[in-house]
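Take the sequence shown: its letters are residues 411 to 606, numbered as in the working numbering.
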Amino acid sequence: MSSLPINHVSDAVPVRLKSAPPRRHRLIVAGAIGLAGLLSGCASTKQAPLPTVPAVDLARYAGVWYEIARTPNWFEAKCAGGVQAHYTLDGDRVRVRNRCLTCDGKVTEARGVARAVPGSGNAKLRVSFFWPFYGDYWILALDPDYQWALVGEPSQRYAWILARTPALDAAVLEETLARAAALGFDREAFLFTRQP
């Protein structure tokens, strides 16, 4: 991999929810997700709609993906590295298992389910980690051999560069970052994920 600067997510201000009972913690997280969804849905933008790839074969997309880079987000604040997404087909839905290593080396995991948006060629999915709240997962660029992907959502606040291996060729990474910038994402905002 090239000598790109590495931004550590562990530098972010930690969110303190450990003292809340488990049910209360889930309700707080669900409320935050719901509020974020409402606010992003109500935001008015004059930019062109975010284009996705024409079609995705979910059977080929399933499997393990390593996070290479991402824009900052609150839901990965505890992740210090080793971020992976595991996708498994289950009928008309995709089971999602996201995991990462925290600063103290422990594994934290989130499980959810995704469904393709009808008429999107499976390039737009709605993902839920806590029903009834859903977020957008749009596949914006995809390697023909399904070896890397650029994923984002229509508000252009969040984006991820994923790969089938823990590292991505420097030229491919550069091209993917340029593509993200061309789509309106802040290239300088991307944080590069440490993989063990």
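We put the beta carbon where it would ideally sit given N, CA and C, even for glycine.
CA-to-CA distance, residue j to residue i, given in whole angstroms
i	j	result
G562	I549	7 angstroms
N508	V517	10 angstroms
G531	D467	8 angstroms
F540	G522	7 angstroms
L572	L583	10 angstroms
D502	P564	23 angstroms
A469	W570	20 angstroms
F595	P459	13 angstroms
V506	Y471	12 angstroms
P554	L499	20 angstroms
A599	A591	10 angstroms
D514	F485	17 angstroms
Beta-carbon proximity of residue i to residue j, cut-off 9 angstroms
i	j	result
L593	Q566	yes
G529	V537	no
P482	L601	yes
A580	Q605	no
Same chain, Cβ closer than 7 angstroms to residue i, neighbours up to 5 away in sequence not counted
i	result
T603	E477, I478, A479, R480, G491 and V493
R589	A551 and L560
Residue i - DSSP class collapsed to helix/strand/coil
i	result
W558	strand
Y471	helix
V493	strand
F595	coil
F485	helix
E477	strand
A580	helix
L587	helix
L460	coil
A465	coil
F600	coil
R434	Note that R434 scores a pLDDT of 42, beneath 50, so its modelled location is shaky; the value from the coordinates is reported in the next line. R434 falls in the helix class under three-state DSSP.
Beta-carbon proximity list for residue i, same chain, < 6 angstroms, skipping 5 on both sides
i	result
A495	W475 and N508
L552	V463 and A559
V504	Y497 and A524
E519	R509
L535	A524, A526 and Y547
A533	T462, V463, V466 and I549
Close-in-space but distant-in-sequence residues of the same chain around residue i (CB under 8 angstroms, 5 per side omitted)
i	result
R574	G473, V474, W475, Y476, Y556, Q557 and W558
Which runs of the beta strand (DSSP E) fall wholly inside the region 495-558 and span at least 3 residues, in chain order?
-> 503-511, 517-526, 534-540 and 543-552
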